[in-house]
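Asks: In terms of this note's numbering, the sequence shown opens at residue 188 and continues consecutively. Just so it is clear, CB atoms sit at the ideal spot from N, CA and C, and this is done for glycine as well.
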Amino acid sequence: MTCPKGLRNGPCGGTLDGACEVLPDRPCVWVNIQQKGYDTEGLHSPLDSSLTGSSSFVNFLTGRDKTTRLIHDYTRPKHVLSAKPSILARRLQTDELALTYEIASPKTTAGLDKVAITAGMMLGHIDAINTTTNAGGVPSLHSLETARAVAETGVPPIVQFCGRDQAPEEFESQVTSALEDGFANVLVLTGDWNPDTERELNPGHWFPMDSLQMVDIINRQDNYPKRPFIGVASNAYTTPMSVSLTRFQNKLAAGAHFTQTQVVTEIEIFSRWLNAVRDSEAGRACKILVSVPLIGKQKPWEILKHLPGVYISSQFGSSMEGSSELAKTGFQLARELIHDLSQLDIDGFHLMNFGVEVEAVVELVEEVRSDTKKPTA
Ligand code: SF4
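#1: Near the ligand SF4, which residues have their beta-carbon closer than 7 angstroms to a heavy atom?
#2: Go through its chain and collect everything with a Cβ distance to residue 473's Cβ below 8 angstroms, but skip five positions before and after it.
#3: Going by DSSP, which residues form a beta bridge with residue 504?
#4: Opposite residue 253 in the DSSP bridges: which residues?
#5: So the beta strand (DSSP E) residue 372 belongs to, where does it begin and stop?
#6: Among all the DSSP beta bridges, which residues are the ones paired with residue 349?
#7: Taking only three categories from DSSP, how would you classify residue 273?
#8: For residue 438, which three-state DSSP category applies?
#9: Given that a residue counts as buried once 16 or more other Cβ atoms are within 10 Å of its Cβ, and exposed if not, what is residue 457?
#10: Please name the residue or residues paired with residue 219 in a DSSP beta bridge.
#11: Which stretch, first to last residue, makes up the alpha helix (DSSP H) that contains residue 490?
#12: Quick check: residue 430 and residue 218, are their CB atoms within less than 9 angstroms of each other?
#13: Keeping to the same chain, check which residues put their C-beta closer than 7 angstroms to that of residue 259; ignore five residues upstream and five downstream.
#14: May I have the straight-line CA-CA distance separating residue 395 from residue 376, to the nearest angstrom?
#15: With H, G and I counted as helix, E and B as strand and the rest as coil, what does DSSP make of residue 285?
#16: Taking 9 angstroms as the threshold (C-beta atoms), are residue 387 and residue 191 in contact?
#17: Are the segment 528-535 and the segment 487-499 touching by the rule of at least three beta carbon pairs closer than 8 angstroms?
#18: Give the DSSP bridge partners of residue 401, in chain order.
#19: Between residue 349 and the rest of its own chain, which residues show a CB-CB distance below 7 angstroms, the 5 nearest in sequence each way excluded?
#20: Which class does residue 432 belong to by DSSP, given the choice of helix, strand or coil?
#21: Looking at the unbroken alpha helix (DSSP H) that takes in residue 526, where does it start and where does it end?
#22: Is it buried or exposed, residue 544, if we count other Cβ atoms within 10 angstroms and call 16 or more buried?
#23: Give every residue of the same chain whose Cβ lies closer than 6 angstroms to the Cβ of residue 475, excluding the five residues on either side of it in the sequence, and list them in chain order.
#24: Buried or exposed, going by whether 16 or more other CB atoms sit within 10 Å of the CB of residue 403?
#25: Provide the residue span of the beta strand (DSSP E) that contains residue 317, from first to last.
#26: Please report the straight-line C-alpha distance between residue 201 and residue 222, rounded to a whole angstrom.
#27: Please classify residue 242: is it buried, with 16 or more other beta-carbons within 10 angstroms of its beta-carbon, or exposed?
#28: Taking the DSSP output, what are the residues bridged to residue 420?
#29: With distances taken between CB atoms, is the gap from residue 424 to residue 460 smaller than 9 angstroms?
#30: Quick check: the Cα distance between residue 454 and residue 502, rounded to an integer number of angstroms?
#31: Please identify the residue among 361, 436, 257, 433 whose C-alpha is closest to the C-alpha of residue 411.
#32: So if DSSP puts residue 537 in a beta bridge, which residue, or which two residues, is it bridged to?
#33: Do residue 420 and residue 480 come within 9 angstroms of each other at the CB atom, strictly closer than that value?
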């Protein structure tokens, strides 16, 4: 397998011009597979770690690898949402645009006080707060710990799970813990390459699960206290776009309820992607939160520009690069994007903070609340 992440249901969202996100001088193996016309619907299960080191020929003859070798139908969730959907799910049913925010998990528990202060400032302004795990591939506390600090302030968390962090069994039990804690929203991501790890093809770097498998694992559970509201990532700027659309439709078929897009920095390509998504029944039912970058400082801007899978339009990029007042320009660009995007068939915004003071984010949120509404269909 020539996917550095070892993905079995690729491609990941970072494919640009058919090249690999991790090794850009190589083609993405999954784009090749799709372009050759092979059917990529259905699901390959996570690899069975108990077969590591055994003979694949013998496993084939005995059928021991049948579950992982053959493609499966998705597990059909018994019900789409729990009897009482999450506050966020209900919010997304209204004609108001929902607003979510993101807090990166700190490296240690010492950082949880700051998390609580930020979440407390957002209470009453924002509909939910994502808590990350290993954002950008950098090790951190688990999102569940950060979610507990957020929930104590009264803001509902969206607990992010990352496929590269744990084995499927651990993931199942972490989701159970989240549900037992009363957290109703989860967002599953395949995850980023660890920036401190050499980029190479090495089976030791295989990600135990991808996001499609994670959605399916959640929906396979019969004994969860309730069904979570399941979110997945999507990227309008993956090229070719057909690859992004197929992957996203697969996630919806697997049982995802909402998506949070990769940051959007221009409207035209995004609109084309959105129209194509809304062209299917599953795409019309899906709730779409569009990520908007709020850039306030030079260093986070440099990080954003180089994140795998992030597309910065030339217009957005040159406005930022040519600015002598980066924070002011970043804020103005975010305002304009929100204004233009709110004319489209979306369900809300996910605000990603790259160095803006929290007070200023709250101000922007209030401005968005008073100025924008979902367009009527
Ligand atoms: S890491 Fe992503 S872009 Fe690279 S080969 Fe794998 S699926 Fe394709």
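Replies: With the structure as the only source:
#1: 189, 190, 191, 192, 194, 197, 198, 199, 201, 202, 207, 208, 209, 210, 215, 216, 217, 218
#2: Taking the sequence shown and counting its residues from 1, the one referred to as residue 473 is at position 286. 439, 443, 444, 445, 446, 464, listed in sequence order.
#3: In the sequence shown, the residue the question calls residue 504 occupies position 317. According to DSSP, residue 504 bridges with nothing at all.
#4: Position 66 of the sequence shown, counted from the first residue, corresponds to residue 253. DSSP lists no partner for residue 253.
#5: In the sequence shown, counting from the first residue as 1, residue 372 sits at position 185. Residue 372 -> beta strand (DSSP E) spans 372-376.
#6: For the purposes of this step, residue 349 is taken as residue 162 along the sequence shown, with counting starting at 1. Paired residues: 376.
#7: The sequence position of residue 273 within the sequence shown is 86, counting from 1. DSSP places residue 273 in coil when its eight states are reduced to three.
#8: Taking the sequence shown and counting its residues from 1, one reaches residue 438 at position 251. Residue state, collapsed to three classes: helix.
#9: Here residue 457 refers to the residue found at position 270 of the sequence shown. So residue 457 counts as buried.
#10: Locating residue 219 in the sequence shown gives position 32, counting from the first residue. For residue 219, which the question treats as bridged, DSSP gives no partner whatsoever.
#11: Along the sequence shown, read from residue 1 onward, the residue named residue 490 stands at position 303. Element bounds for residue 490: 485-493.
#12: To locate residue 430, count along the sequence shown from 1; it is residue 243. To locate residue 218, count along the sequence shown from 1; it is residue 31. Yes; because the gap between Cβ atoms is below 9 angstroms, this pair is in contact.
#13: Taking the first residue of the sequence shown as 1, we reach residue 259 at position 72. The residues are 229, 230, 232.
#14: Sequence index remark: in the sequence shown, residue 395 carries index 208 (1-based). Sequence index remark: in the sequence shown, residue 376 carries index 189 (1-based). So the alpha carbons of these two residues sit roughly 12 angstroms apart.
#15: Counting from 1 along the sequence shown, the entry for residue 285 is found at position 98. Three-state result, residue 285: strand.
#16: If you number the sequence shown from 1, residue 191 lands on position 4. If you number the sequence shown from 1, residue 387 lands on position 200. Taking 9 angstroms as the Cβ cut-off, residue 191 and residue 387 qualify as a contacting pair.
#17: no
#18: For this step, residue 401 is matched to residue 214 along the sequence shown. Beta-bridge pairing links residue 401 to no other residue.
#19: As a first step, residue 349 is located in the sequence shown; it is residue number 162 there, counting from the start. 320, 321, 376, 378, listed in sequence order.
#20: Here the question's residue 432 lines up with position 245 in the sequence shown. Three-state result, residue 432: helix.
#21: Counted from its first residue, the sequence shown places residue 526 at position 339. First-last of the alpha helix (DSSP H) with residue 526: 513-528.
#22: Position 357 of the sequence shown, counted from the first residue, corresponds to residue 544. Its Cβ having fewer than 16 others within 10 Å, residue 544 is exposed.
#23: Taking the sequence shown and counting its residues from 1, the one referred to as residue 475 is at position 288. Counting only Cβ-Cβ distances below 6 angstroms, and skipping sequence neighbours, we find 446, 533, 534.
#24: As a working mapping, residue 403 is identified with position 216 in the sequence shown. Buried, by the Cβ-count rule.
#25: Position 130 of the sequence shown, counted from the first residue, corresponds to residue 317. Unbroken beta strand (DSSP E) run through residue 317: 315-318.
#26: Locating residue 201 in the sequence shown gives position 14, counting from the first residue. Locating residue 222 in the sequence shown gives position 35, counting from the first residue. Answer to the nearest angstrom: the Cα atoms are 17 angstroms apart.
#27: Here residue 242 refers to the residue found at position 55 of the sequence shown. Result: exposed.
#28: Looking up residue 420 in the sequence shown gives position 233. Partner(s): 447.
#29: For the purposes of this step, residue 424 is taken as residue 237 along the sequence shown, with counting starting at 1. For the purposes of this step, residue 460 is taken as residue 273 along the sequence shown, with counting starting at 1. Yes.
#30: Numbered from 1 along the sequence shown, position 267 holds the residue referred to as residue 454. Numbered from 1 along the sequence shown, position 315 holds the residue referred to as residue 502. If you take the alpha carbons of residue 454 and residue 502, they lie about 11 angstroms apart.
#31: On the sequence shown, position 224 is the one that residue 411 refers to. For residue 411, the nearest C-alpha among the options comes from 361.
#32: Numbered from 1 along the sequence shown, position 350 holds the residue referred to as residue 537. In DSSP, residue 537 forms a bridge with 287, 478.
#33: Reading the sequence shown from its first residue, position 293 is the one you call residue 480. Reading the sequence shown from its first residue, position 233 is the one you call residue 420. For residue 480 and residue 420, no; Cβs fall outside 9 angstroms.
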